[in-house]
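Chemist: Input: one structure, supplied below.
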């Protein structure tokens, strides 16, 4: 149990982050308007998410409404109707809205300061698409919190903690902990402090099975092959609730949990504000690193957040790979987007200039003869020689400067995210990169450097 | 069996490389003088090597005489007496001589145009030092050649072939095939062509056990752990006759064997003469590679050939390692010595300039806490951060140019051969390296570039 000082700390934070009665009232009104508006449609609307579970934070004004279609509806109809109903709703209520993509496309808009999402799904126990589980998740958490209502505060504390540490959110932008995942953890470990304590000892390939759905946890790594960190969904033993959590965000969370327990303080619940440096200062800092910077600046139409960050990361890794394939060394890369029309992949190189000649390794002398023949035919003009039992040629490197590779990457766009292949693309080098974006970009560079 | 054309070729080469009667007579006279001179001493002299076996080439004027001490002699006495007797012999006969080192020190000098080596060893069947086997080797080969005298020509052909391809000689300078090794092979395979045919299919981890001393060849790799290529000594099942053969020389031999069989020609028996390029041409060629050259030039007293090349190679690998440890990329290295007073390690770099900052990887977040603590204490001023679940710092690189590393290497001499640590050492960069040595060096550079 936390000591007096820590209890006082939790109390103060909770006072600050728990929605007031006034807020709750306004929230209920918006929900009522939305549900009322949905009545005429042949869909069964249900309030899900933290609002439904009473685990929302006062600054979070998210209202998630799932509209449930009969199981016999075909998927194209569900998608089409879902979008149509969503759009109609916001139009009728005179609100701004846009379409984003998760599993399906869905509509989100703003009503009275609340972000409202209208997500189509299937009704019934049979899970036909991954969002169909959300109502079950809401149900599970609500039930547990009816039994132990004090955990609501613990969930709010962990959510705020994770938000401040920038590890909250399963979406592509963050690749961190979903609200449901942290609720499952708090319910399983029995509180905020208890969760942090357990987390601080986690391995980065931890396997957690809260309801002991599986008799042997060890084999689960072979079942959920795409993730290291596994938390079995209490409502579905075949689902990893932590599938979206990147190793990076997991590690950051573990470290913050440790640090907090060692020295609990309010600052862990409030994001640190860093003074953004001006362009001239950034240019100087950038130059002083002695590395070589190349920014790939994409100009585009507005994209949904999930496809935007998903494809931006894909593009980042394709760009890094292209430099490395040509023998250059990438020191670090990073991505930033204003989420409107400019997205940037920044590449910092520690080796950006290479001699014209390079070694090219061939087969060993005791490899199959045809492999050796092929190598010799290909490089007959370049005098293959032997080195430690292997054929080698000193052949011509195609690109001797990273700038040339950057232009090749720009031309070929190999491995880029689908939408990124069509975007307008510019290359900026060295100090020029500071001018690639607006103030969000300067903030990003301040953090990077 | 070789066809008519090939038989004719062999015949012509043999005519050229087999010592004439006249040569043999002179050789016998020198041997007689040496043996006569050794008579008064309490040692049992024996003629060993190719002269004794009648497998010598006409241009090779090597006479190896082993002087055998009683088994009860202690090693220091054997070494001391061995040297003393050797020196006295050459002094008495008024010949130049010098001391070289293999297993023991020994004396070598020149008599009537023949290189004579006087090597001390133990008499008797019990092997007390590795040279004690040499008389047994001579005995073995002589016996086999009495049974099949025609193999003498095949041995001479293979020896000449290997010499021309620069893979002959077990000494440190070459790290190739010893005379005894190639004799064992020709006896085992039954001829020159037969040996080449077998060799052209060798793996670089071939195991050959000519007299089937071992029931299972597979396990021998674990017994002779220091070599990939193993040929069991017919006179000693615990010895690898091929221990000195480097992977490089083995591979070169295999390839030449293949090429010769495909297109047999006289040129394989005569070393290719390459026109040495002049300094100005070499400077231009060197510059055009776009790499960075650093030569380490050692000035020294005359050293025995074996310690010289052994320690020079050790020094070469220490220098390469030192550059790589600091993050620079070595393209190739090579060594050259005039075997008098100048030895050179040449380093060609493909990355020779690096930014001041570098990544330094620390422990993962789920490693033992004390490892993480130690990392944090060490780098607390450098803001450790997380990358894919591991601690990382961007820390200061000590050396940003290979030239600085070269000076550090020159100062520390870490890992250098023992004698090389005391030598005078200069560093030459880029085009300067052409001036590092004499015409042997220009020849070496011509081959290198």
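Protein chains in written order, with my numbering: chain Y, 62 to 510; chain X, 62 to 510.
Ideal placement from N, C-alpha and C gives every residue a C-beta, glycine not left out.
1. Using a Cβ-Cβ cut-off of 7 angstroms (strictly less than) and excluding sequence neighbours within five positions of residue 132 of chain X, which residues of its own chain qualify?
2. What residue from X:312, X:269, X:304, X:119 has the CA that sits closest to residue 286 of chain X's CA?
3. Where does residue 301 of chain X land, buried or exposed, given buried means 16+ other C-beta within 10 angstroms?
4. Tell me which residues share the same chain as residue 308 of chain Y and place their Cβ nearer than 7 angstroms to its Cβ, disregarding the 5 neighbours each side in the sequence.
5. Could you say if the region 446-463 of chain X and the region 315-324 of chain X meet the contact criterion of at least three C-beta pairs nearer than 8 angstroms?
6. So what's residue 467 of chain Y in DSSP terms, helix, strand or just coil?
7. Between the alpha carbons of residue 466 of chain X and residue 383 of chain X, how many angstroms are there, rounded?
8. Compute the Euclidean distance between the alpha carbons of residue 372 of chain Y and residue 449 of chain X, then round it to the nearest angstrom.
9. Whole angstroms is fine: what's the gap from residue 103 of chain X's alpha carbon to residue 130 of chain X's?
10. Measure from the alpha carbon of residue 279 of chain Y to the alpha carbon of each residue in Y:501, Y:268, Y:469, then state which is nearest.
11. Assuming contact is defined by CB atoms lying nearer than 8 angstroms, are residue 381 of chain X and residue 412 of chain X in contact in what I supplied?
12. Quickly, what does DSSP pair residue 129 of chain X with across the bridge? List them, please.
13. Residue 157 of chain Y and residue 171 of chain Y look like a contact to me (Cβ under 8 angstroms); what is the Cβ gap, rounded to whole Å?
14. Check for me: the beta strand (DSSP E) holding residue 457 of chain X runs from which residue to which?
15. Quick check on the burial criterion: 16 or more other C-beta atoms within 10 angstroms. Buried or exposed for residue 168 of chain Y?
16. Looking only at C-alpha atoms, which of Y:482, Y:175, Y:142, Y:163 sits nearest to residue 94 of chain Y?
17. Measuring alpha carbon to alpha carbon, tell me which of Y:414, Y:419, Y:410, Y:416 ends up nearest residue 419 of chain X.
18. Kindly identify the DSSP beta-bridge partner or partners of residue 485 of chain X.
19. DSSP three-state call for residue 396 of chain Y: helix, strand or coil?
20. Tell me whether residue 333 of chain X is buried or exposed, calling it buried when 16 or more other Cβ atoms sit within 10 Å of its Cβ.
21. CA-CA distance, residue 442 of chain X and residue 385 of chain X?
22. So which residues on chain X does residue 77 of chain Y lean against when the C-beta distance must stay under 8 angstroms?
23. With distances taken between CB atoms, is the gap from residue 388 of chain Y to residue 415 of chain Y smaller than 8 angstroms?
24. Rank Y:500, Y:210, Y:483 by C-alpha distance to the C-alpha of residue 359 of chain Y and give the top, closest one.
25. Identify each residue in the region 410-431 of chain Y for which the Cβ-Cβ distance to at least one residue of chain X is less than 9 angstroms, and report them in chain order.
26. Within this structure, are the beta carbons of residue 367 of chain X and residue 161 of chain X separated by less than 8 angstroms?
27. When you compare each of Y:336, Y:310, Y:110, Y:489 to residue 192 of chain Y by their alpha carbons, which one comes out closest?
28. What does DSSP give as the partner residue(s) for residue 170 of chain X in the beta ladder?
29. With residue 125 of chain X and residue 117 of chain X assumed to form a contact (beta carbons below 8 angstroms), what rounded beta-carbon distance in angstroms separates them?
30. Assuming residue 237 of chain Y contacts residue 375 of chain Y under a Cβ cut-off of 8 angstroms, what Cβ separation, rounded to an integer in Å, is found between them?
31. For chain X, is any of its Cβ atoms less than 8 angstroms away from the one on residue 351 of chain Y?
32. Are the C-beta of residue 374 of chain Y and some C-beta of chain X separated by less than 8 angstroms?
33. DSSP on residue 378 of chain X, reduced to helix/strand/coil?
34. Of the choices X:425, X:355, X:338, X:487, whose alpha-carbon is the least far from that of residue 510 of chain X?
35. Give the straight-line distance between the Cα atoms of residue 499 of chain Y and residue 401 of chain Y, rounded to the nearest whole angstrom.
36. With distances taken Cα to Cα, identify the nearest neighbour of residue 437 of chain Y among X:457, X:468, X:320.
Modeler: Looking at the coordinates:
1. On the second chain, position 71 is the one that residue 132 of chain X refers to. Only 183, 184, 185, 187, 189 meet the Cβ criterion.
2. Within the second chain, residue 286 of chain X is the residue found at index 225, counting from 1. Minimum Cα distance to residue 286 of chain X is reached at X:304.
3. Taking the first residue of the second chain as position 1, residue 301 of chain X is located at position 240. It is buried - the Cβ of residue 301 of chain X has at least 16 other Cβ atoms within 10 Å.
4. For this step, residue 308 of chain Y is matched to residue 247 along the first chain. Closer than 7 angstroms at the Cβ level, and outside the excluded window around residue 308 of chain Y, lie 265, 289.
5. no
6. Counting from one through the first chain, the residue named residue 467 of chain Y turns up at place 406. It is helical.
7. The count along the second chain starts at 1 and reaches residue 466 of chain X at position 405. The count along the second chain starts at 1 and reaches residue 383 of chain X at position 322. One C-alpha to the other measures close to 8 angstroms.
8. Working through the first chain from its first residue, we reach residue 372 of chain Y at position 311. Working through the second chain from its first residue, we reach residue 449 of chain X at position 388. In a straight line, the C-alpha of residue 372 of chain Y is about 19 angstroms away from that of residue 449 of chain X.
9. Mapped onto the second chain, residue 103 of chain X falls at position 42. Mapped onto the second chain, residue 130 of chain X falls at position 69. Each residue's alpha carbon lies about 8 angstroms from the other.
10. Residue numbering aside, residue 279 of chain Y sits at position 218 when the first chain is read from its first letter. Out of Y:501, Y:268, Y:469, Y:268 has the C-alpha closest to the C-alpha of residue 279 of chain Y.
11. For the purposes of this step, residue 381 of chain X is identified with residue 320 of the second chain, where counting begins at 1. For the purposes of this step, residue 412 of chain X is identified with residue 351 of the second chain, where counting begins at 1. Against a cut-off of 8 angstroms, the Cβ pair of residue 412 of chain X and residue 381 of chain X comes out as no contact.
12. Counting from 1 along the second chain, the entry for residue 129 of chain X is found at position 68. X:105, X:182, per the DSSP bridge assignment.
13. If you number the first chain from 1, residue 157 of chain Y lands on position 96. If you number the first chain from 1, residue 171 of chain Y lands on position 110. Between the beta-carbon of residue 157 of chain Y and that of residue 171 of chain Y there is about 6 angstroms, and that keeps the pair under the 8 angstroms contact cut.
14. Indexing the second chain from 1 puts residue 457 of chain X at position 396. Looking at the DSSP string, the run of the beta strand (DSSP E) that includes residue 457 of chain X is 451-457.
15. As a working note, residue 168 of chain Y is residue 107 in the first chain. Answer is buried; the Cβ neighbour count reaches 16.
16. The residue given as residue 94 of chain Y occupies position 33 in the first chain. When each option's Cα is compared against that of residue 94 of chain Y, the closest is Y:175.
17. By one-based count along the second chain, residue 419 of chain X stands at place 358. Per the Cα distances, Y:410.
18. Sequence index remark: in the second chain, residue 485 of chain X carries index 424 (1-based). Residue 485 of chain X is bridged to X:360.
19. Translated into positions along the first chain, residue 396 of chain Y becomes position 335. Residue 396 of chain Y: strand per DSSP, three-state reduction.
20. As a working note, residue 333 of chain X is residue 272 in the second chain. Result: exposed.
21. Within the second chain, numbered from 1, the residue matching residue 442 of chain X stands at position 381. Within the second chain, numbered from 1, the residue matching residue 385 of chain X stands at position 324. Each residue's Cα considered, the two are about 26 angstroms apart.
22. Position 16 of the first chain holds residue 77 of chain Y. Here the premise fails: no neighbours, minimum Cβ distance about 28 angstroms.
23. Against the first chain, residue 388 of chain Y aligns to sequence position 327. Against the first chain, residue 415 of chain Y aligns to sequence position 354. Contact: yes.
24. Against the first chain, residue 359 of chain Y aligns to sequence position 298. Residue 359 of chain Y has its Cα closest to that of Y:483, out of Y:500, Y:210, Y:483.
25. 410, 411, 412, 414, 415, 416, 417, 418, 419, 420, 425, 426, 427, 430
26. As a position in the second chain, residue 367 of chain X is number 306, starting the count at 1. As a position in the second chain, residue 161 of chain X is number 100, starting the count at 1. Yes, the pair counts as a contact, with Cβ atoms nearer than the cut-off.
27. For this step, residue 192 of chain Y is matched to residue 131 along the first chain. For residue 192 of chain Y, the closest C-alpha among the options Y:336, Y:310, Y:110, Y:489 is that of Y:110.
28. For the purposes of this step, residue 170 of chain X is taken as the residue at position 109 of the second chain. According to DSSP, which records beta bridges pairwise, residue 170 of chain X is partnered with X:158, X:177.
29. Counted from its first residue, the second chain places residue 125 of chain X at position 64. Counted from its first residue, the second chain places residue 117 of chain X at position 56. 10 angstroms between Cβ atoms; not a contact.
30. As a working mapping, residue 237 of chain Y is identified with position 176 in the first chain. As a working mapping, residue 375 of chain Y is identified with position 314 in the first chain. So it is not a contact: roughly 19 angstroms between Cβ atoms.
31. What you label residue 351 of chain Y is simply residue 290 of the first chain in a count that begins at 1. Chain X, which has a Cβ nearer than 8 angstroms to the Cβ of residue 351 of chain Y, makes this yes.
32. Numbered from its first residue, the first chain carries residue 374 of chain Y at position 313. Not one chain X Cβ lies under 8 angstroms of residue 374 of chain Y.
33. For the purposes of this step, residue 378 of chain X is taken as the residue at position 317 of the second chain. Of the three classes helix, strand and coil, the one that applies to residue 378 of chain X here is helix, per DSSP.
34. Here residue 510 of chain X corresponds to residue number 449 of the second chain, with the count starting at 1. The shortest C-alpha separation from residue 510 of chain X is found at X:338.
35. Locating residue 499 of chain Y in the first chain gives position 438, counting from the first residue. Locating residue 401 of chain Y in the first chain gives position 340, counting from the first residue. Their Cα atoms are separated by approximately 11 angstroms.
36. Your numbering for residue 437 of chain Y matches position 376 in the first chain. Here the closest residue by C-alpha is X:320.
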